[in-house]
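Remarks on the structure that follows.
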Amino acid sequence: MSRPSTIDLLPTEVRDALHGWLRDPSITQAEAAKRANALLEELGIEARLSKSALNRYAIKMNEVGERLRQSRQVAEMWIAKLGAAPQGQVGNLVNEILRTLAFDLSITMQRGDIDPEEAPAVARMLKDMAVAMEKLERAASENVKRTEEIKRAEREAAAEKAARVASRGGMSRETVEAIRAEILGVPRG
2 MSRPSTIDLL PTEVRDALHG WLRDPSITQA EAAKRANALL EELGIEARLS
52 KSALNRYAIK MNEVGERLRQ SRQVAEMWIA KLGAAPQGQV GNLVNEILRT
102 LAFDLSITMQ RGDIDPEEAP AVARMLKDMA VAMEKLERAA SENVKRTEEI
152 KRAEREAAAE KAARVASRGG MSRETVEAIR AEILGVPRG
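For the sequence shown, the numbering used here assigns the number 2 to the initial residue and increments by one for each residue that follows.
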């Protein structure tokens with residue numbers, strides 16, 4: 002297992018401030034290092050941040066940010082493609098993604114690219130993702146059912162109102178039933 006970076010060892014307060022400075026395009030890495038070291042001194046902490054450690058960390062942050070942007074783009078593409086699709090299709094897609102992640106993880110572990118001590122944590126993370134996705138799928142399914150129930154109730158109310166108005170207007174019972182059936186989207190019977 003690799004040792005924590007200099008920045009990983011910084012107090013949370015300093016690390017959070019550093020993240021903000023690194024995201025600010027008007028602040029250079031040299032200025033961010035200078036500010037971080039001033040904050041460390043102000044807090045009475047002897048550790049200092051080197052420019053090379055900050056540069057390595059910034060590169061890593063940029064890589065993570067780029068992967069996040071790519072993930073968002075892929076998610077937006079799938080949402081655009083499947084947004085109107087039944088929830089089951091989206092759930093199948095998510096399940097396939099999770100299976101692919103699990104497969105990739107097992108290959109990576111076999112190659113020895115993951116520290117065996119970290120493997121259980123990664124596996125737990127995959128399991129937690131699967132459980133979360135199952136809950137999201139269930140909630141989405143319940144939302145679809147609830148929306149359908151609301152629409153059905155609205156159609157029934159509209160059909161009843163139309164039937165009352167048509168009856169008062171002197172229309173035959175058969176015509177009133179035809180109007181009601183048309184609004185409800187059911188065959189007359």
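Every residue gets a Cβ at the ideal spot worked out from N, C-alpha and C, and that includes glycine.
Values in this document were obtained by computation on a predicted structure and should not be read as measured data.
Residue of Ser27, Val65, Ser53 and Lys146 minimising C-alpha distance to Ala34: Nearest C-alpha to Ala34: Ser53.
For Asp25, three-class secondary structure by DSSP: Three-state DSSP puts Asp25 in coil, outside helix and strand.
The region 142-155 contacting the region 107-121, beta-carbon criterion three pairs below 8 Å: Contact between the region 142-155 and the region 107-121 is absent, because fewer than three Cβ pairs lie under 8 Å.
Short Cβ contact (8 Å threshold) for Ala1 with Ile184: The requested residue 1 is not part of the displayed model; the chain covers only 2 to 190.
DSSP three-state assignment for Met170, whether helix, strand or coil: A quick correction: the sequence has Gly, not Met, at residue 170. Gly170: coil per DSSP, three-state reduction.
Beta-carbon proximity of Asn38 to Leu23, cut-off 8 Å: In this structure, Asn38 keeps its C-beta atom at 8 Å or more from the C-beta atom of Leu23.
Sequence-distant residues of its chain with Cβ nearer than 7 Å to Ala131 (five each side left out): If we look at Ala131 and ignore the five residues flanking it on each side, its Cβ neighbours are Leu99.
Nearest-angstrom Cβ-Cβ length linking Leu106 and Val123, presumed shorter than 8 Å: Sure, about 6 Å apart at Cβ, within 8 Å.
Exposure label - Arg181; buried when at least 16 CB within 10 Å: Classification of Arg181: buried, given that the 10 Å Cβ count is 16 or more.
Range covered by the alpha helix (DSSP H) that runs through Leu41: Counting along the chain, the unbroken alpha helix (DSSP H) around Leu41 starts and ends at Gln30 to Glu43.
Three-way DSSP call (helix, strand, coil) for Leu10 in this model: Of the three classes helix, strand and coil, the one that applies to Leu10 here is coil, per DSSP.
Supposed close pair Ala48, Leu41 - CB separation, criterion 8 Å: Sure, about 6 Å apart at Cβ, within 8 Å.
Helix, strand or coil at Glu97 [DSSP, three-state]: DSSP places Glu97 in the helix class (H, G or I) of the three-state scheme.
Buried or exposed by the 16-neighbour rule on C-beta atoms within 10 Å, applied to Leu55: The residue is buried, with at least 16 neighbouring Cβ atoms inside 10 Å.
Local Cβ density within 10 Å of Ala164, reported as buried at 16 or more and exposed below that: In the assembly as shown, Ala164 is a buried residue. Its beta-carbon has 16 or more other beta-carbons within 10 Å.
Exposure label - Leu19; buried when at least 16 CB within 10 Å: Buried, by the Cβ-count rule.
8 Å CB neighbourhood of Leu127 in its chain, flanking five on each side removed: Same-chain partners within the cutoff: Leu99, Leu102, Ala103 and Leu106.
Three-way DSSP call (helix, strand, coil) for Pro121 in this model: Correct three-state label for Pro121: helix.
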